[in-house]
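Working notes, beginning with the structure itself.
Number of protein chains: 2
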Amino acid sequence: MRVKYPSWNSLMPQSALPRLSGDCPRRCLHCWARALSLCAALGSVELHDLEKLGKETRFAPKESLFSEDENASKVYSLTQGVARLYRLLPDGRRHIVGFALPGDFLGTTLSDRYSFSADAITPIVACRFSKEGFSRFAEDKPNMLRRMNEFEVRELHLARNQMLLLSSRSAEQKVALFLIGWRDRLARLGEEPKTLPLPMKRRDIADFLGLTIETVSRTFTQLEREKVIINVPKGFRLLNLARAEALAWT
Amino acid sequence: MRVKYPSWNSLMPQSALPRLSGDCPRRCLHCWARALSLCAALGSVELHDLEKLGKETRFAPKESLFSEDENASKVYSLTQGVARLYRLLPDGRRHIVGFALPGDFLGTTLSDRYSFSADAITPIVACRFSKEGFSRFAEDKPNMLRRMNEFEVRELHLARNQMLLLSSRSAEQKVALFLIGWRDRLARLGEEPKTLPLPMKRRDIADFLGLTIETVSRTFTQLEREKVIINVPKGFRLLNLARAEALAWT
DNA sequence: CGCCTGGTTGACTAATGTCAAATTGGGTGG
DNA sequence: CCACCCAATTTGACATTAGTCAACCAGGCG
Chain A
68 MRVKYPSWNS LMPQSALPRL SGDCPRRCLH CWARALSLCA ALGSVELHDL EKLGKETRFA
128 PKESLFSEDE NASKVYSLTQ GVARLYRLLP DGRRHIVGFA LPGDFLGTTL SDRYSFSADA
188 ITPIVACRFS KEGFSRFAED KPNMLRRMNE FEVRELHLAR NQMLLLSSRS AEQKVALFLI
248 GWRDRLARLG EEPKTLPLPM KRRDIADFLG LTIETVSRTF TQLEREKVII NVPKGFRLLN
308 LARAEALAWT
Chain B
68 MRVKYPSWNS LMPQSALPRL SGDCPRRCLH CWARALSLCA ALGSVELHDL EKLGKETRFA
128 PKESLFSEDE NASKVYSLTQ GVARLYRLLP DGRRHIVGFA LPGDFLGTTL SDRYSFSADA
188 ITPIVACRFS KEGFSRFAED KPNMLRRMNE FEVRELHLAR NQMLLLSSRS AEQKVALFLI
248 GWRDRLARLG EEPKTLPLPM KRRDIADFLG LTIETVSRTF TQLEREKVII NVPKGFRLLN
308 LARAEALAWT
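So the protein lines, in turn, are chains A and B.
Residue numbering for the first sequence follows our numbering, beginning at 68 and increasing consecutively.
Residue numbering for the second sequence follows our numbering, beginning at 68 and increasing consecutively.
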């Protein structure tokens, strides 16, 4: 018998979204991720204006959205899929800054270069804007600027939680915190699946948590032995949430 | 013979600033930290309006500006001194989120609670605003909102650098990165002293770097043995910057 | 069927945390 | 000005944890 496991296709329904091209005027109005994205700040007139500036773009897994050394000329609003954001270090290591989910806005920079690279983990759909056009659109719209602020503050909050995670003592704590944080982010998207899908590889998790793949792997099996989680294809099921949270904070 | 070492008093001249009370209309115009702070976005009329909303507040070392569990009713623009920003963990550990310097803006939150606690390391001068009043002031001013955005993006950048630091392998690397990062932040304030003042305690540094005080101490002495730094009262002198940067990135 | 990638496991090593004691330095009061 | 005290820091010995290197296993695909 064949069990159906949740997949990223079901979680972020690529098939449910008709492949609309730029000439359809109602594209944004029906956008799956609108309520989650920056665009939620806009009225329908503004939305229509913004729509004309953007172009729906798709990326296959492993394809690059942009990379750290490039000139930062585009910004992206993710509508479907999961991306990994990372920096490569001089010594060859890779640090994963975070994972981007639908609704996330990518490409705001301090300088004229991106501050990290981004590439697709799952298939991705994103609205692409020229940075300049987007800035001009937003610059005199307080509602948009406030929304952008809100997004930055949320990102900052995530980043600080991650700092906390990285400075925590044990590998078990890091992994537990990671699972809980990931679950919470998915919950924000309106998904609270019984089984937590993990589309990223062990390597990504390791580089995100500041551990090695071996330690991540060992920790997962340890949590499994302790009956906190159970491994299913492409993810985990949280068996004992209370215990996971206890581990995360002790 | 008595050597004069740089002190926080010289770096952020408390004495140079007359103690002005709220009734002096020119307070903000002559603010030492204006160019660094959010207020730099404002014209003189707006500046005057904002001035009326704020109140200059002073804090002695160890005094608390606000704490994590409080209702977030105030925001602060730091004009002098150094503050430590931290979160206390359920298990009693303390995580230092960062150090705030003149120009930094504190108190933006996602929820109605502060997301960390803040207290003074050196004597502090800050402009205090009610969060509500400040929000009303800013909400329809695109220049102010853009400036706030810029600040958040910069904070985010700092936070991500810190994430990178925390996930780096060796204690030596962390300490070197910390020293360089601190030097760069002071340089932004227009100070590039030969001797790097460190007003915070070893404990603060340890909690910031995710190390123990013992390891921080050992690492400092190791760097000293390697002639990279030399300990002076209240700080360090960078003897070999190139080597420090090499350590930081390898 | 066998290769290739991703994941797991094991044995050993290196680094940091822990606990405890010694040392330094600044501030206070005589 | 000096002696003393307390807090901060440094140092040492040892334990614990994660990293390293290497082998093995499992699933997907040509």
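Every residue, glycine too, gets a C-beta built ideally from N, C-alpha and C.
In this structure, the CA atom of B:Lys122 is about 28 Å from the CA atom of A:Arg221. Closest in alpha carbon position to B:Glu293, among B:Asn307, B:Pro300 and B:Ile280, is B:Asn307.
Around the beta carbon of B:Asp136, a 10 Å sphere encloses fewer than 16 other beta carbons of the protein chains shown; the residue is thus reported as exposed. Where B:Lys122 is concerned, the enclosing beta strand (DSSP E) starts and stops at Lys122 to Phe126.
Beyond the five residues adjoining it in sequence on each side, B:Ser104 comes within less than 6 Å, by CB distance, of Ser144 and Gly170 in the same chain, given in chain order.
Of all C-beta pairs linking the segment 124–134 of chain A to the segment 182–193 of chain A, three or more are shorter than 8 Å, placing the two stretches in contact. In this structure the segment 260–271 of chain B does not lie against the segment 224–231 of chain B, because fewer than three pairs of beta carbons, one per stretch, are closer than 8 Å. One finds nothing in chain A with a Cβ atom closer than 9 Å to the Cβ of B:Ser284; even the nearest lies about 18 Å away.
DSSP, read as helix, strand or coil, puts A:Pro209 in helix.
For B:Arg154, the enclosing beta strand (DSSP E) stretches over residues Ala150 to Leu155. A:Leu152 is positioned such that its CB atom lies closer than 7 Å to that of A:Gly165. Rounded to the nearest whole angstrom, the CA to CA distance from A:Asn210 to A:Phe218 is 12 Å.
Scanning A:Thr146, A:Arg161 and A:Leu177 for the CA closest to the CA of A:Ser140 turns up A:Leu177. Contact between A:Ala315 and A:Leu244 holds: CB atoms are separated by about 4 Å, below the 8 Å threshold. Every alpha helix (DSSP H) stretch that sits fully inside the segment 165–249 of chain B and reaches 4 residues is listed by chain position as 198–206 and 209–233. The Cβ of B:Arg227 sits closer than 7 Å to at least one Cβ of chain A. Among the residues facing chain B, A:Val192 is not included, as its CB has no counterpart in that chain under 7 Å away.
With fewer than 16 other CB atoms across the displayed protein chains lying within 10 angstroms of its CB, A:Arg304 is exposed.
Taking a C-beta distance under 7 Å as the contact criterion, B:Ala309 and B:Val295 do not qualify as a contact pair. For B:Leu96, same chain residues with a beta-carbon under 8 Å away, outside a window of 5 residues either side, are Ser111 and Leu114 in chain order. Contact with chain B is absent for A:Glu312, since none of that chain's Cβ atoms lies less than 7 Å from the residue's Cβ. Contact annotation, A:Thr317 with B:Pro300: C-beta distance approximately 39 Å; criterion of less than 8 Å not satisfied. A:Ala108 places its beta carbon 7 Å or farther from that of A:Arg195. According to the DSSP assignment, B:Thr262 belongs to the beta strand (DSSP E) that extends over Thr262 to Pro264. DSSP lists no bridge partner for A:His97. Membership of A:Arg285 in the alpha helix (DSSP H) is indicated by the continuous run Ile280 to Arg292. Distance between A:Arg101 and A:Asp274, taken at the CA atoms: about 31 Å. It is roughly 20 Å from the alpha-carbon of B:Ile280 to the alpha-carbon of B:Val149. In the structure shown, the three-state DSSP call for B:Arg160 is coil.
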